[in-house]
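Colleague: This structure is in structure tokens; I'll ask about it shortly.
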Amino acid sequence: MTSLAEKLAPENIKKLIPYQSARRIGGSGRLWLNANELEQPLLFKRHQSELHRYPDFLPQDIAAVYQAYCHTSQPTLAVRGADEAIDLVIRTFCQPGRDSIVTCSPTYAMYQFCAESFSVTTIDCPLRANDFSLDVEQVVNAAKQAKVVFLCSPNNPTGQPLGRENIISVLEQTAQHSLVVVDEAYIEFELAESVVDLIERYPHLIVIRTLSKAFGLAALRCGFILSSPSVMDFIARLVPPYPMPDSSSEIVLHALSPQGLKKVASHTRTLIETRDQFVSAIRHLPWIENVYPSATNFVLIRTQAGINLFDYLVQHGVVTRNQGHEAALKHCVRITIGSAQTMQEVSEIICNFSDVLTPSTER
Ligand SMILES: Cc1ncc(COP(=O)(O)O)c(C=O)c1O
1 MTSLAEKLAP ENIKKLIPYQ SARRIGGSGR LWLNANELEQ PLLFKRHQSE LHRYPDFLPQ
61 DIAAVYQAYC HTSQPTLAVR GADEAIDLVI RTFCQPGRDS IVTCSPTYAM YQFCAESFSV
121 TTIDCPLRAN DFSLDVEQVV NAAKQAKVVF LCSPNNPTGQ PLGRENIISV LEQTAQHSLV
181 VVDEAYIEFE LAESVVDLIE RYPHLIVIRT LSKAFGLAAL RCGFILSSPS VMDFIARLVP
241 PYPMPDSSSE IVLHALSPQG LKKVASHTRT LIETRDQFVS AIRHLPWIEN VYPSATNFVL
301 IRTQAGINLF DYLVQHGVVT RNQGHEAALK HCVRITIGSA QTMQEVSEII CNFSDVLTPS
361 TER
């Protein structure tokens, strides 16, 4: 039976033969003169990895430890951050000037950005205005016109998971026509919401993950794509020949070791406590309309109209994210959760705000 991925992949991708890099071709021998590298290290000779040689063409050891971490045997691909994963999915399955994706605003802006940069249209199915929940019916209807649906769960910038049951409902009703990407960049803060275990049941599901958030390794640029063999067969054709620098690979393996994972789990628990304490300290303020429930390492705060929290915090040296430019997020500021000490300081600054209210200049 033809898979959905096979039906959706454009002809040029189906015909594409992956670039045959020197590492992919491999071989055996004594003198390696096949990749136009320097034969001996020149600079940074004492560095752990051999910087003069190209890295592995696909770091299989990293994929294997990540699969173990996710308790899955489904194909897993390490890429340069979740952002590259988003771009790869769009470029693999969408045709410029012809195809569309579905997004659910307010959400992570890179889905639309990557689509637009590739002349792919975005159909927006906004989250419900009152509680930022997913409108499953609207998404399923829009998906009939689109190749890929992007769901961000937990969602950035609203902070809430979209709900496993809702995602299952979308998956059930899209199996014949569209791929469904679930971006789990923040999933470590609410692991029970992950849908990785559903890939086997729904081969049109693609899960995107990253080490930039709970793992604290944003500078490494390491993300993952997990999906069924039928989908991965096409995505893997587009992966650049050397997706992961050797020096990053070493650190990733260390991060995903049992000790690394234990440290991440314990730090995540602490961060969640800090987040909840911060929310308790500020939610009662009369000019704060809502502190939205969060399953992430940030909180979204809506103030009353005319309150300029963002500028006030900048004046106190605290840089946050002003979300007010989006219609659904008028008077909203997104604050990343830092250390307990930092959040104590920030909550004190916020609590003192009542005295110095200034007119809003949202941008
Ligand atoms: C929802 C979401 N997806 C993906 C990314 C990008 O992650 P990465 O650093 O792995 O490219 C971010 C970063 O903020 C994000 O919020």
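Its first residue numbered 1, the sequence shown is counted upward by one per residue in the UniProt record's numbering. Even glycine gets a Cβ: it sits at the ideal position worked out from N, Cα and C. Nothing here was measured: the structure is a model prediction, and the numbers come from that model.
Rounding to the nearest angstrom, what Cα-Cα distance links Ile62 and Gln160 in this structure?
Modeller: 29 Å
Colleague: Figure out for me which residue from Glu172, Glu165, His204 and Ile199 has the closest Cα to the Cα of Glu193.
Modeller: Glu165
Colleague: Nearest to Val279 by alpha carbon, out of Thr92, Thr72 and Ala340?
Modeller: Sorting Thr92, Thr72 and Ala340 by C-alpha distance to the C-alpha of Val279 places Ala340 at the top.
Colleague: Using the Cα positions of Leu88 and Gln40, report the straight-line distance between them to the nearest angstrom.
Modeller: 34 Å
Colleague: Pull the bridge partners of Val149 from the DSSP assignment, please.
Modeller: Val102 and Val180
Colleague: I want to check one thing, is the minimum distance from the CB of Ala185 to the heavy atoms of ligand 1 below 7 Å?
Modeller: yes
Colleague: Could you give the uninterrupted runs of the beta strand (DSSP E) lying entirely in the region 42-128, keeping only those of 3 residues or more?
Modeller: 76-79, 100-103 and 121-124
Colleague: Check for me: the beta strand (DSSP E) holding Gln290 runs from which residue to which?
Modeller: Before going further, note that residue 290 is Asn rather than Gln in the sequence given. Run containing Asn290: Ile288 to Val291, per the beta strand (DSSP E) assignment.
Colleague: Distance, Cα to Cα, Pro240 vs Trp287?
Modeller: Note on geometry: alpha-carbon atoms of Pro240 and Trp287 lie some 50 Å from one another.
Colleague: For Ser347, which residues in the same chain have their Cβ closer than 6 Å to its Cβ, ignoring the five residues on either side in sequence?
Modeller: Hits under 6 Å: Phe278, Ala281 and Ile282.
Colleague: Any idea which residues DSSP pairs Gly223 with across the strands?
Modeller: According to the DSSP secondary-structure assignment, Gly223 is paired through a beta bridge with Val79 and Thr210.
Colleague: Determine whether the beta carbon atoms of Gln138 and Cys125 lie at a separation below 8 Å.
Modeller: yes
Colleague: Note down, in chain order, each residue of its chain lying with its Cβ closer than 8 Å to the Cβ of Tyr93, except the 5 sequence neighbours on either side.
Modeller: Checking the displayed sequence, the identity of residue 93 turns out to be Phe instead of Tyr. Taken in chain order, the residues that qualify are Ala5, Leu8, Ala9, Pro10, Ile13, Asp99, Lys147, Val148, Leu179 and Phe234.
Colleague: Kindly identify the DSSP beta-bridge partner or partners of Asn322.
Modeller: Val333
Colleague: Within its chain, find whatever has a CB closer than 6 Å to the CB of Pro75; leave out the 5 residues flanking it on each side and keep chain order.
Modeller: Pro229 and Met232
Colleague: Within its chain, find whatever has a CB closer than 6 Å to the CB of Ile168; leave out the 5 residues flanking it on each side and keep chain order.
Modeller: none
Colleague: Kindly list the residues whose CB is nearer than 8 Å to the CB of Leu253, restricted to its own chain and excluding five residues on each side of it in sequence; keep chain order.
Modeller: Asp61, Ile62 and Val65
Colleague: How about Phe218: is its Cβ closer than 7 Å to a heavy atom in ligand 1?
Modeller: In the sequence as displayed, the identity of residue 218 is Ala instead of Phe. The answer is yes for Ala218.
Colleague: Please state whether the Cβ-Cβ distance between Ser227 and Ile272 is less than 8 Å.
Modeller: no
Colleague: Hey, out of Ala265, Phe353 and Ala219, whose CA is closest to Phe310's CA?
Modeller: Comparing C-alpha distances from Phe310 to each of Ala265, Phe353 and Ala219 shows the shortest one belongs to Phe353.
Colleague: If Val299 and Arg275 are in contact, beta carbons under 8 Å, what's the gap, nearest whole angstrom?
Modeller: 6 Å
Colleague: Starting from Arg302, follow its DSSP beta bridges and name the residues at the other end.
Modeller: Asn290 and Cys332
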